[in-house]
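Visitor: So the sequences go chain by chain: A and B. For the first sequence, our numbering assigns the number 1 to the initial residue and increments by one for each residue that follows. For the second sequence, our numbering assigns the number 103 to the initial residue and increments by one for each residue that follows.
2 protein chains.
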Amino acid sequence: MNMDAIFKVLANPVRVRILSWLKDPGTHFPPMIHLPEAEQGKGYVCVGLIQEKAGVTQSTVSHYLNLMKQAELLSCKRIGQWTYYCRNEATLQKTADYIARM
Amino acid sequence: MNMDAIFKVLANPVRVRILSWLKDPGTHFPPMIHLPEAEQGKGYVCVGLIQEKAGVTQSTVSHYLNLMKQAELLSCKRIGQWTYYCRNEATLQKTADYIARM
DNA sequence: TCTAAATATCGCATTATTTCGATATGGTCA
DNA sequence: TGACCATATCGAAATAATGCGATATTTAGA
């Protein structure tokens, strides 16, 4: 758990919004029609839809998602041409605990 | 509650360490001998001692403490020539809750 | 009122982050 | 294979954060 990297991710409001959208993809994104049945309902969202909603360029959102993955705030899975990201709830919970105890 | 400002504070490891020292000043700082009896045990620590331990210049630590106060992560009280800072536990708790729910 | 101590503020150089456009990579399907 | 789509990576310019030294402010005490 690299708390330094985690807090650096959170220091950017667009990244925080992405995290919060991924908390409940159903209300923030259309259905992931290319995602196989077995992966539905796990909170995965593809990069393109996140980019659209975030209002930044494709390269920027890709960079953000990578930072969030390095910090283990997100996990990802590549399926076909798409990369799907979802929250890593364990890291978020540990981060909350860290702040409460810190 | 300006979460953006709070996360920006936390994005710096020296500031995070200051916050954690102030969680338990007794084990990290000598007694505050100039602090009146009525304020003892409330977790107040003066700027000079925080500076020494943080290993940055006086102007830098003053700047940091001000950022943390603006973000309501710290409160302060001026007594004589000294400014004493202590944690604002309410903000820290709300921040932890925010991350857990976000 | 002068001096000294503690802290705050200012100005600035350095370094890091942000964010883009361009390009590369990897996967799909005709 | 070749064209195309989604995503990743690269390189660079703009902006923001870091952190210092110098200086100002505030308070205490002689």
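Yeah, the Cβ is synthetic: ideal placement off N, Cα and C, and Gly gets one too.
Express the C-alpha separation of phenylalanine 109 of chain B and leucine 92 of chain A in angstroms, rounding to a whole number.
Guide: If you take the alpha carbons of leucine 92 of chain A and phenylalanine 109 of chain B, they lie about 14 Å apart.
Visitor: Return the CA-CA distance between methionine 1 of chain A and alanine 173 of chain B, expressed in angstroms with no decimal places.
Guide: In a straight line, the C-alpha of methionine 1 of chain A is about 25 Å away from that of alanine 173 of chain B.
Visitor: Going by CA-CA distance only, name the one from B:Gly145, B:Pro138, B:Val118, B:His136 that's closest to serine 177 of chain B.
Guide: Of the candidates B:Gly145, B:Pro138, B:Val118, B:His136, the one whose C-alpha sits nearest the C-alpha of serine 177 of chain B is B:Gly145.
Visitor: Can you check whether the CB of histidine 34 of chain A is closer than 8 Å to the CB of tryptophan 82 of chain A?
Guide: In this structure, histidine 34 of chain A lies closer than 8 Å to tryptophan 82 of chain A by Cβ.
Visitor: Could you confirm whether any beta carbon from chain A is found closer than 8 Å to the beta carbon of aspartate 126 of chain B?
Guide: For aspartate 126 of chain B, the answer is no, since every Cβ of chain A falls outside 8 Å of its Cβ.
Visitor: Considering only the beta carbon of each residue, do tyrosine 187 of chain B and valine 147 of chain B sit closer than 8 Å?
Guide: Yes, these two residues count as a Cβ contact at 8 Å.
Visitor: Between the Cα of aspartate 4 of chain A and the Cα atoms of A:Gln58, A:Met68, A:Gln40, which residue gives the shortest distance?
Guide: Among A:Gln58, A:Met68, A:Gln40, the Cα nearest to that of aspartate 4 of chain A is on A:Met68.
Visitor: Going along chain B in order, which residues have a C-beta closer than 7 Å to the C-beta of phenylalanine 29 of chain A?
Guide: Those do not exist, as phenylalanine 29 of chain A stays about 17 Å from chain B at its closest Cβ, beyond 7 Å.
Visitor: Using 8 Å for Cβ pairs, my map puts isoleucine 201 of chain B next to threonine 95 of chain A. What's the rounded Cβ distance?
Guide: The pair is a contact, with the Cβ atoms about 5 Å apart (cut-off 8 Å).
Visitor: Could you spell out where the alpha helix (DSSP H) holding tyrosine 166 of chain B opens and where it closes?
Guide: Unbroken alpha helix (DSSP H) run through tyrosine 166 of chain B: 160 to 172.
Visitor: Measuring CA to CA, which of A:Arg101, A:Asn88, A:Arg87, A:Glu89 is closest to alanine 192 of chain B?
Guide: Ranking the options by Cα distance to alanine 192 of chain B, first place goes to A:Arg101.
Visitor: Would you call the CB atoms of valine 16 of chain A and leucine 10 of chain A closer than 8 Å?
Guide: Their beta carbons are under 8 Å apart, which means valine 16 of chain A touches leucine 10 of chain A by this criterion.
Visitor: For lysine 53 of chain A, which of A:Asp97, A:Pro25, A:Asn88, A:Arg87 has the nearest alpha-carbon?
Guide: The candidate whose alpha carbon is nearest that of lysine 53 of chain A is A:Pro25.
Visitor: Can you tell me whether lysine 23 of chain A is helix, strand or coil according to DSSP?
Guide: Here lysine 23 of chain A sits in helix by DSSP.
Visitor: Could you tell me the distance, in whole angstroms, from the CA atom of valine 14 of chain A to the CA atom of lysine 77 of chain A?
Guide: So the alpha carbons of these two residues sit roughly 22 Å apart.
Visitor: Using the beta-carbon of each residue, which ones in chain A are nearer than 7 Å to threonine 197 of chain B?
Guide: The contacting residues are Ile99.
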